[in-house]
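Residue numbering for the sequence shown follows our numbering, beginning at 3 and increasing consecutively.
Beta carbons are placed, not taken as given, at the ideal position from N, Cα and C, and that holds for glycine.
Note that this is a predicted model, so its numbers are computed, not measured.
Here the structure is laid out as structure tokens; the discussion comes afterwards.
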Amino acid sequence: MNIEGQPLTAEVMVIGAGPAGAATALGLATAGAHVVVVDDGSDITPGIRLVTPAARQGLHRLGIDDDLHPITQIEWSNGTRSGITRWPSRQTAGSIDRVQLHHRLRARLDDAGVTVLSGHRARSAVIERGFVRGAEVVDGEGRARVLRASYTVIADGANSRFGRSLGSYRQPTWPFAVAHTATVHSPRSHSDTVALVDDLSDRAGIPITGFGWMVPAGDERVGVGVMIMSTSPSFRVITPDAILDRLIAEHGERWQLDTTAGIEPNGGRIPLGGSVGPPATATTVLVGDAAGLANPWSGLGLDAALDSAQIAAEVVIDALADGSTALQRYPQRLADRFGPYYKVGRTINRLISTPAVSTRIGRGTVLSRPVAEAVARLATDQVRPKRWGLAEVTYQLGRLASIFAPGR
3 MNIEGQPLTA EVMVIGAGPA GAATALGLAT AGAHVVVVDD GSDITPGIRL VTPAARQGLH
63 RLGIDDDLHP ITQIEWSNGT RSGITRWPSR QTAGSIDRVQ LHHRLRARLD DAGVTVLSGH
123 RARSAVIERG FVRGAEVVDG EGRARVLRAS YTVIADGANS RFGRSLGSYR QPTWPFAVAH
183 TATVHSPRSH SDTVALVDDL SDRAGIPITG FGWMVPAGDE RVGVGVMIMS TSPSFRVITP
243 DAILDRLIAE HGERWQLDTT AGIEPNGGRI PLGGSVGPPA TATTVLVGDA AGLANPWSGL
303 GLDAALDSAQ IAAEVVIDAL ADGSTALQRY PQRLADRFGP YYKVGRTINR LISTPAVSTR
363 IGRGTVLSRP VAEAVARLAT DQVRPKRWGL AEVTYQLGRL ASIFAPGR
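Shown next, in the form of structure tokens:
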């Protein structure tokens with residue numbers, strides 16, 4: 003949508019056009035709000051994204067799940083052993099190229115008539131009587147303009163500059179993750195199985211809390227990566243590049259990974275479990291990674307980004323109709339959706355950092371189908387109410403432990 007000649011005003015300003023920001027903007031626009039998205043392009047990170055069944059449902063709500071490569075199985079790998087399970091409740095996951103997902107989201111924004119300031123950065127907030135009422139936005143050539151808005155949705159990612167400029171902060175004692183990924187050519191790209199490697203270790207052989215993966219994209223490429231939790235015993239001396247290289251070396255032949263052209267890894271730190279706040283002020287809300295909403299069980303964040311976007315759009319629409327006090331319902335809505343599950347996840351994250359525990363769990367996923375299925379249920383928030391399988395018992399024990407856990 004061409005913005006030349008139009009006044010830079012909106013009912014809602016959304017900072018960031020990644021999945022969380024785009025989904026929030028779409029929800030707002032669908033409800034009739036005038037939305038302007040400020041997009042500096044930093045959300046376009048190359049790579050292959052694993053789309054869990056829950057995230058797939060979120061993309062379906064946006065009408066963009068048809069491009070996914072289907073992933074129906076999980077292959078658990080530990081040492082020389084492996085085992086295969088289906089996704090919980092026999093659901094289907096998927097994968098998609100991150101750049102392709104960005105383009106699909108952008109196309110949906112255009113279809114919805116959302117104004118997108120591409121190549122623009124929100125440099126500083128416009129503050130009136132103590133309330134955020136927009137931002138000074140700067141284009142790629144350094145030209146600045148003011149965008150005024152009644153409400154602001156902050157969706158500029160895990161290292162949210164705009165959020166931090168307004169006082170958002172991460173709980174320092176809560177776990178976080180570091181992800182490191184690369185894309186490699188492979189004839190196994192058409193597989194319907196994602197491989198999860200749960201025996202990562204550092205140079206001294208000490209187990210790492212986290213996992214590696216090979217995600218087929220269906221287009222001659224496979225996404226390869228590692229997720230390393232900050233609760234790992236030797237986290238401070240772990241080099242993600244080295245762990246990724248070792249993963250490729252150990253599993254490259256089996257997955258027919260072609261590294262002759264070299265690889266270009268990328269990654270970064272991921273705040274987990276709702277660790278960034280406050281999630282709302284009188285005129286702003288944080289969504290997705292800007293709120294630290296990635297899953298503390300797995301480090302994955304797409305489903306939480308889409309769910310928080312839906313909640314944010316609903317409360318902002320209410321605020322436009324009834325006044326800014328509606329935004330104060332946002333933290334409770336997030337707590338209702340994620341609170342207990344994330345608190346247990348943070349506790350379990352710490353408990354499994356003990357090498358003896360993580361080693362037993364890793365071996366269990368390949369030796370025992372019930373263990374593998376339980377881990378999959380726990381990691382994807384598929385614990386069944388009123389059932390007492392291994393996943394449900396583990397969750398209840400974790401919930402009990404979380405009551406006494408230090409630092410939540």
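Using a 10 Å radius around the Cβ and a threshold of 16 neighbouring Cβ atoms, would you call GLN330 buried or exposed? exposed
Own chain partners of ILE240 with C-beta closer than 7 Å, once the 5 adjacent residues on each side are dropped: ASP204, ILE210, ILE230, SER234
Evaluate the contact criterion for the region 218-230 versus the region 92-105: three or more CB pairs, one atom per stretch, below 8 Å. yes
Does the region 191-208 come within contact of the region 312-331, defined as at least 3 CB pairs closer than 8 Å? no
Which residue wins for smallest C-alpha separation from TRP257, given the options GLY49, GLY341, GLU77? GLU77
Suppose you measure from the CA of GLY437 to the CA of ASP260; what does that come to, to the nearest Å? Nothing can be reported for residue 437: it is not among the residues displayed for the chain, which extend from 3 to 410.
Can you tell which of GLN312, ARG135, LEU392, GLU266 has its C-alpha closest to the C-alpha of LEU28? GLN312
Using the beta-carbon count (16 or more within 10 Å), is PHE406 buried or exposed? exposed
Option nearest PRO55 by Cα separation, candidates SER91, VAL289, PRO48: SER91
Check the C-beta distance from THR11 over to ARG150 and give it rounded, since I have them as a contact under 8 Å. 5 Å
Output yes or no for whether 9 Å exceeds the beta carbon distance between THR183 and ALA114. no
Supposed contact pair TYR344 and PRO387 - C-beta distance, whole angstroms, cut 8 Å: The Cβ separation is near 17 Å, so there is no contact.
Ordered along the chain, which non-local residues of its own chain (more than five positions away) have a Cβ less than 8 Å from that of ILE250? ALA184, VAL186, VAL226, LEU259, THR261, ILE265
Grab me the residues of ARG172's own chain with a C-beta within less than 8 Å of its C-beta, minus the 5 sequence neighbours each way, in chain order. PHE178, PRO273, SER277, VAL278, GLY294
Which residue marks the beginning of the alpha helix (DSSP H) containing GLY290, and which one marks its end? That residue, GLY290, is in no alpha helix (DSSP H); it is neither H nor E in DSSP.
Local Cβ density within 10 Å of ILE86, reported as buried at 16 or more and exposed below that: exposed
Here's the rule I'm using: 16 or more other beta-carbon atoms within 10 Å means buried, otherwise exposed. How should TRP215 be labelled? buried
Kindly indicate which residue of VAL228, PRO174, ASP201 has the alpha-carbon position closest to the one of ARG348. PRO174
Supposed contact pair VAL180 and ARG106 - C-beta distance, whole angstroms, cut 8 Å: Not really, about 27 Å apart at Cβ, beyond 8 Å.
CB of GLY60 within 9 Å of CB of ALA157, strictly: no
Any chance the CB of ASP221 is under 8 Å from a heavy atom of the ligand FAD? With respect to small molecules bound, the structure shown includes none, and the ligand FAD cannot be examined in it.
Using the three-state DSSP reduction, which class does GLU222 fall into: helix, strand or coil? coil
Please state if the CB of LEU103 and the CB of ARG51 are separated by a distance shorter than 9 Å. yes
Could you please give the first and the last residue of the uninterrupted beta strand (DSSP E) stretch that includes ALA179? 178-187
Can you confirm whether the region 160-167 touches the region 122-129 when touching is taken to mean that 3 or more C-beta pairs between the two stretches lie within less than 8 Å? yes
Pick from GLY132, GLY23, VAL101, GLU13 that is closest to ASP309, judged by C-alpha positions: GLY23
Count the other CB atoms within 10 Å of the CB of VAL395; is the residue buried (16 or more) or exposed (fewer)? exposed
Which whole-angstrom value is the C-beta distance of GLY159 and ASP45, which I expect to be below 8 Å? 6 Å
Based on DSSP bridge pairs, tell me the residues matched to ALA413. In this structure the chain extends from 3 to 410, so residue 413 is not present and cannot be described.
Could you tell me how far apart the beta carbons of GLY290 and ALA315 are, in whole angstroms, since I believe they sit closer than 8 Å? Not quite, the Cβ-Cβ distance comes to about 13 Å (not below 8 Å), so this is no contact.
Got a sec? Which residues, its chain only, sit under 7 Å from ARG339 by beta carbon, not counting five neighbours each side? ASP309, ILE313
Closest by CA to ASP201, which one among VAL318, ALA263, THR367, GLY65? THR367
My understanding is that LEU144 touches GLY121, with C-beta atoms under 8 Å, so please give their C-beta distance in whole angstroms. Here the sequence assigns Gly to residue 144, which means Leu is not the residue at that position. In fact, because the Cβ distance is near 11 Å, the residues do not count as touching under 8 Å.
Using three-state DSSP, classify ARG205 as helix, strand or coil. coil
Drop a sphere of 10 angstroms on the beta-carbon of THR285, count the other beta-carbons inside from all chains shown, and report buried for 16 or more, exposed for fewer. buried
Within a Cβ cutoff of 6 Å, which residues of the same chain sit near TRP89, ignoring the five residues on either side of it in sequence? PRO55, ALA95
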